[in-house]
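>
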Amino acid sequence: MQMNTGTVNQTSDRAQSLFKGLLVLQSFSSSTVSMTLSEVASAVGMNRATTRRFLLTLVDLGYLEIDGKRYSLTPKVMTLGYNYLSSLPWWQIANPLAEEVSRTLSESCSIGVLTGDELIFVARAQGPRALAINLTPGRVVPVHAAAVGRVLLAEMEAPDVDEFVERNPLIPLTPYTVTDIKALKASLRRVKQDGYAVVDQELEVGLLAVAVPLRNAYGRAIAAIGVSTPAQRRTMAEIENEVLPTLQAAAAKLRMQL
């Protein structure tokens, strides 16, 4: 996959080397756990000589390791994520809340935040039944198709939603994914009015999800907490009547503690 390296102005004060080095690091994912020099160069859109320098630097720093001709991430990368999470004043409270919700409902519970245009999960409590889709911490999923993402999009002003969709086309992930901007906006208005989002098989066929915002003491949505469950396990009525109140209670508890 060709990555966009043209988002930084060449005449600005931004460090081009840092920018490119982070592109190299970000090219590794769950679908590309190890790559050769040529594969990384192709992914980031740089020549082999430049890519090799960045790869070797990341090896020296301990973020990558090399086995033969293949590079892969090391556990040290996790320290970057943990440093971020530990800096969030609410995370130490929210993470146990996700576990509490999961135990109460016997379902998987996740907490996500918007970083730029990306929905990133920062906490996860796995229920007794594994889901087909991976929503573990650090995982990035399309914002518009996830209940957690839908909640956070609903917090945006209408012009910001327009700009978001322009930058991030509504890609159909399943036959049920909302891909029409008018339909999405209508959905976001309902979410804003109701205070929660329900997504029916838009992210993964057979997967239902519901989410509510996590707000700080000033009422600003700092994240969203959601539960995902197989459609054959619960009906939509059960989602709204049984799962939703538990999520709302957890959100209220976090806001009170903050």
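The working numbering applies: residue 76 is where the sequence shown begins, and numbers increase by one. Cβ coordinates follow ideal geometry from the N, Cα and C atoms, glycine included.
1) Quick check on P305: does DSSP put it in helix, strand or coil?
2) Going by the beta-carbon positions, is the gap between L282 and I300 smaller than 8 Å?
3) Restricting to runs no shorter than 4 residues, where is the alpha helix (DSSP H) found entirely within the stretch 120-207?
4) Over the uninterrupted beta strand (DSSP E) stretch that includes R290, give me the two end residues.
5) So for I246, helix, strand or coil by DSSP?
6) Which residue marks the beginning of the alpha helix (DSSP H) containing T321, and which one marks its end?
7) Is it buried or exposed for Y138, if we count other Cβ within 10 angstroms and need 16 for buried?
8) With DSSP as the reference, label D255 as helix, strand or coil.
9) Output the distance between the C-alpha atoms of V240 and I256, rounded to the nearest integer angstrom.
10) Can you tell me where the beta strand (DSSP E) with V108 in it begins and where it stops?
11) Starting from A272, follow the beta strand (DSSP E) in both directions and report where the run begins and ends.
12) When the distance is taken between beta carbons, is A169 closer than 8 Å to S185?
13) Which stretch, first to last residue, makes up the alpha helix (DSSP H) that contains V223?
14) Apart from the five residues just before and just after T304, which ones in its own chain have a Cβ nearer than 6 Å to its Cβ?
Result, derived from the coordinates:
1) strand
2) no
3) 123-136, 152-162, 166-180
4) 282-290
5) coil
6) 319-332
7) buried
8) coil
9) 8 Å
10) Careful: V108 lies outside any beta strand (DSSP E) and carries neither H nor E.
11) 272-275
12) no
13) 222-229
14) E182, L283
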